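**Student:** Heads up: take any position in the sequence shown, counting from 1, add 14, and you land on our numbering.
Glycine is no exception: its CB is placed at the ideal position from the N, C-alpha and C atoms.
Note that this is a predicted model, so its numbers are computed, not measured.
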Amino acid sequence: MANIDKIVEEILSEARKTAAEKKDAANAEASEIISSAEEECRKLESDIAAKAEQDKKNASDRAKSSAQLKKRQMILNARQEIISDILAKAYDSIFALDDKTYFQMLEKMLKKYSLAKDGEIYFSKKDLDRMPADFEDKISSVAKQNGGSLKLSKDSRPIDGGFILVYGGVEENCSIQTMFHTEREYLADKVHETLFL
Numbered sequence: 015m016a017n018i019d020k021i022v023e024e025i026l027s028e029a030r031k032t033a034a035e036k037k038d039a040a041n042a043e044a045s046e047i048i049s050s051a052e053e054e055c056r057k058l059e060s061d062i063a064a065k066a067e068q069d070k071k072n073a074s075d076r077a078k079s080s081a082q083l084k085k086r087q088m089i090l091n092a093r094q095e096i097i098s099d100i101l102a103k104a105y106d107s108i109f110a111l112d113d114k115t116y117f118q119m120l121e122k123m124l125k126k127y128s129l130a131k132d133g134e135i136y137f138s139k140k141d142l143d144r145m146p147a148d149f150e151d152k153i154s155s156v157a158k159q160n161g162g163s164l165k166l167s168k169d170s171r172p173i174d175g176g177f178i179l180v181y182g183g184v185e186e187n188c189s190i191q192t193m194f195h196t197e198r199e200y201l202a203d204k205v206h207e208t209l210f211l
């Protein structure tokens, strides 16, 4: 019986030893798994924090860019309104000129637009009625200087101001409204240069 007890004791001792080794190995493996998991968690936390920081920076950059674009657009709109307002006032100021100054302006326009051809010139009813007595002679003189001739028509045209030149059935509209419309971009650029550059 003593032999059996000794064998049982050896088996139990071996079992305890094996169990302790397995327990130690399991603890070591568990510690390694936990350590690896903790390291992975730290890495994930770091990656998530870095991504969150990058996302925050990207969102901030987009918001700044959007705000700057909106600001530029508002400034551009304000400038365009100012330019339009100035051009409208300039257009209105032409019709506020006294007769002498107004017809001096028309004479300068005539020097620029009359051709070296025989033609006719038409004015608005208002301009025909207030035309200085010597203006017909000035029309002839300017046309002659440019190598042509112009006959003043007593018929009026429905224009705001300025004149219409007719050469051989072809009309050149030199009304104030047409001049402003045709030269709007150029005038707007000049106003922009003067005010904003």
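Take every Cβ of the stretch 164-184, pair it with every Cβ of the stretch 75-86, and state whether three or more of those distances are shorter than 8 Å.
**Tutor:** Because the criterion of three Cβ pairs below 8 Å is not met, the stretch 164-184 and the stretch 75-86 do not touch.
**Student:** Quick check: what's the CA-CA separation for residue 11 versus residue 172?
**Tutor:** Beyond the ends of the chain as shown, which are 15 and 211, falls residue 11; an answer cannot be given.
**Student:** To which residues of the same chain is residue 176 closer than 6 Å at the C-beta, ignoring the five residues directly before and after it?
**Tutor:** Numbered from 1 along the sequence shown, position 162 holds the residue referred to as residue 176. For residue 176, where only same-chain residues beyond five positions count, the Cβ hits under 6 Å are 188, 189 and 190.
**Student:** Rounded to whole angstroms, what's the CA-CA distance from residue 78 to residue 68? Just pull it up for me.
**Tutor:** Residue mapping note: residue 78 aligns to position 64 of the sequence shown, counting from 1. Residue mapping note: residue 68 aligns to position 54 of the sequence shown, counting from 1. Approximately 15 Å between the Cα atoms of the pair.
**Student:** What do you reckon, is the C-beta of residue 106 under 7 Å from a heavy atom of the ligand PLP?
**Tutor:** In the structure shown, the ligand PLP is absent, as is every other ligand, since no ligand is present at all.
**Student:** Can you say whether residue 136 is buried or exposed, counting buried as having 16 or more other CB atoms within 10 angstroms of its CB?
**Tutor:** Taking the first residue of the sequence shown as position 1, residue 136 is located at position 122. Residue 136 should be labelled buried.
**Student:** Candidates 181, 124 and 89: which alpha carbon is nearest residue 159's?
**Tutor:** Here residue 159 refers to the residue found at position 145 when the sequence shown is read from its first residue. Checking every option, the nearest Cα to that of residue 159 belongs to 124.
**Student:** So for residue 177, helix, strand or coil by DSSP?
**Tutor:** Against the sequence shown, residue 177 aligns to sequence position 163. It is a strand residue.
**Student:** Going by DSSP, which residues form a beta bridge with residue 136?
**Tutor:** Here residue 136 refers to the residue found at position 122 of the sequence shown. Residue 136 pairs with 178.
**Student:** What does DSSP give as the partner residues of residue 184 in its beta bridges?
**Tutor:** Walking along the sequence shown from the start, residue 184 turns up at place 170. 181.
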